[in-house]
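Residue numbering for the sequence shown follows my numbering, beginning at 1164 and increasing consecutively. Built from N, CA and C at the ideal position, the CB exists for glycine as well.
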Amino acid sequence: MYEILSKFAQTWGLGFFVLMFAVAVAYALWPSNKENSKQRPIGRSMKGNLEMSETDKEVDVLSGVETTGHSWDGIKELNNPLPRWWLYVWYGTIFWAILYMIAMPALPSLPGLGSRNTPGVLGMSDRSAVAESVATLHAERSAASAELLTASLQDIQNNLDLQQFAMAMGESAFGDNCATCHGAGGRGAKGYPMLADDVWLWDGTLDGIEQTIRHGIRHEEDVDTRFSAMPAFGRDGLLTSVQIDDLVQYVLSVSGHEANAGMAARGEGLFQSNCASCHGMDAKGSRDVGAPNLTDADWLYGSSPDDIRATITNARNSHMPAWQGRLDDATIKALAVYVHSLGGGE
Ligand code: HEC
Ligand code: HEC
1164 MYEILSKFAQ TWGLGFFVLM FAVAVAYALW PSNKENSKQR PIGRSMKGNL
1214 EMSETDKEVD VLSGVETTGH SWDGIKELNN PLPRWWLYVW YGTIFWAILY
1264 MIAMPALPSL PGLGSRNTPG VLGMSDRSAV AESVATLHAE RSAASAELLT
1314 ASLQDIQNNL DLQQFAMAMG ESAFGDNCAT CHGAGGRGAK GYPMLADDVW
1364 LWDGTLDGIE QTIRHGIRHE EDVDTRFSAM PAFGRDGLLT SVQIDDLVQY
1414 VLSVSGHEAN AGMAARGEGL FQSNCASCHG MDAKGSRDVG APNLTDADWL
1464 YGSSPDDIRA TITNARNSHM PAWQGRLDDA TIKALAVYVH SLGGGE
């Protein structure tokens, strides 16, 4: 019974009220309901503007309306009845208010209720309504999430519905967990790689991206994390500051910047013996160790001589957290699909 009432209140309640209002107005305005005024003056004995009616009531001569008997300095109040349609609507609202008060949460601070209010016989509350719709959402999602879990990343790419679901889920998870470092839409920032381009430090395939997200980069608590450590050549005294200056000029020259040719030439030798193992003989980088290409226009830590000197002196070796265990598998897959789609997926 409560359920029926509750359903009714939520769906037809307003309609019902509007209908009641319309019926009341129609009834009041229906011609056959318009009775002639009972308060018509009958007597003729003049008393100023007022006459006495047969029933001994005072009646105003000009308007022919009975008075209430109240008088202020000789000014009397006419006893005009309220329009009937108005009255019925008013009664209707009172009736409605009482029903509503019984059905819905209403009276606060009654004895025994503490700071709560009366719950109402329908037991409705916004809080439980929210809890219910969240539960419904989870139930709806869990079907699609379950599908995500079993599908391979490639299957997800090939199934339009599943892909759309993964993209939506990935986008929102990215906003919650990744955008703080990688920027909205993965546009990146100094020290945090842009994910929306086709330049990859590690691996730009779907599986590679999933691996990065799952295990992180230099996240030492995870044995499968991606790992490499550029030495801090200056700080740890592996190279002198003169050698580092030469290397800076060399890096500038291979990336198409203006550079001192003599210093760069000396730097090239140093590069081959100290840096090529990670960045490659041609300085084009290596994804096996996450070493960036130094010949392109894309810089993680900046391309000014000072930025480059700082990188070689102290090394950066930044940290990307592992998300396995923090995010569920379906979310990680969705994130991989989302990041892959941002622009540079391979
Ligand atoms: C605390 C900051 C931080 C957060 C949060 C973070 N990342 Fe990263 N992420 C990094 C850094 C720093 C790197 C680059 C590490 C390096 O030097 O190799 C990186 C690298 C990556 C890469 C590899 C890029 C490439 O070129 O190979 C991917 C993919 C990635 N992040 C995705 C994500 C996703 C998805 C999330 C959210 C679940 C996330 N990151 C959250 C800091 C963060
Ligand atoms: C053990 C591998 C390794 C060696 C050796 C190494 N690097 Fe790196 N280098 C990296 C990695 C990995 C990164 C980027 C990730 C990070 O540090 O956050 C990097 C980043 C850089 C960057 C920053 C690029 C950017 O986009 O901002 C420069 C410049 C650089 N290295 C120059 C050098 C020079 C010069 C040497 C030799 C003196 C050298 N590296 C030796 C692994 C190495």
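Alpha-carbon to alpha-carbon, residue j and residue i
{"i": "D1491", "j": "I1475", "result": "38 angstroms"}
{"i": "N1199", "j": "I1265", "result": "Confidence at N1199 is low in this model, with a pLDDT of 48, below 50, so its placement is unreliable and the value that follows should be read with caution. Using only the alpha carbons, I get a separation of about 40 angstroms."}
{"i": "A1191", "j": "A1307", "result": "57 angstroms"}
{"i": "H1345", "j": "S1335", "result": "14 angstroms"}
{"i": "E1240", "j": "P1271", "result": "40 angstroms"}
{"i": "E1166", "j": "V1284", "result": "10 angstroms"}
{"i": "T1313", "j": "V1500", "result": "15 angstroms"}
{"i": "N1437", "j": "D1470", "result": "19 angstroms"}
Beta-carbon gap between residue i and residue j smaller than 8 angstroms
{"i": "P1455", "j": "L1364", "result": "yes"}
{"i": "S1467", "j": "S1418", "result": "no"}
{"i": "L1433", "j": "L1457", "result": "no"}
{"i": "R1398", "j": "H1482", "result": "no"}
{"i": "W1486", "j": "I1376", "result": "yes"}
{"i": "D1461", "j": "V1362", "result": "yes"}
Boundaries of the alpha helix (DSSP H) in which residue i is found, first to last residue
{"i": "K1496", "result": "1492 to 1504"}
{"i": "E1384", "result": "Where E1384 is concerned, there is no enclosing alpha helix (DSSP H), given that its DSSP letter is neither H nor E."}
{"i": "D1339", "result": "1323 to 1340"}
{"i": "T1476", "result": "1468 to 1477"}
{"i": "H1378", "result": "1369 to 1378"}
{"i": "C1438", "result": "No alpha helix (DSSP H) holds C1438; DSSP gives it neither H nor E."}
Residue i in three-state terms, based on DSSP
{"i": "H1233", "result": "strand"}
{"i": "N1280", "result": "strand"}
{"i": "G1507", "result": "coil"}
{"i": "L1250", "result": "helix"}
{"i": "L1241", "result": "strand"}
{"i": "A1307", "result": "helix"}
{"i": "V1452", "result": "coil"}
{"i": "Y1355", "result": "strand"}
{"i": "P1394", "result": "coil"}
{"i": "L1268", "result": "Per the sequence shown, the amino acid found at residue 1268 is Pro instead of Leu. Reduced to three states, the DSSP call for P1268 is coil."}
{"i": "M1183", "result": "helix"}
{"i": "M1287", "result": "coil"}
{"i": "M1483", "result": "strand"}
{"i": "E1421", "result": "coil"}
{"i": "E1166", "result": "helix"}
{"i": "S1200", "result": "Note that S1200 scores 45 on pLDDT, short of 50, meaning its location in the model is unreliable; the coordinates nonetheless yield the value given after this. Here S1200 sits in coil by DSSP."}
{"i": "T1313", "result": "helix"}
{"i": "A1460", "result": "coil"}
Range of the contiguous beta strand (DSSP E) that encloses residue i
{"i": "E1221", "result": "1221 to 1223"}
Buried/exposed call for residue i, threshold 16 Cβ in 10 Å
{"i": "M1332", "result": "buried"}
{"i": "Q1327", "result": "exposed"}
{"i": "S1296", "result": "exposed"}
{"i": "Y1254", "result": "exposed"}
{"i": "H1503", "result": "buried"}
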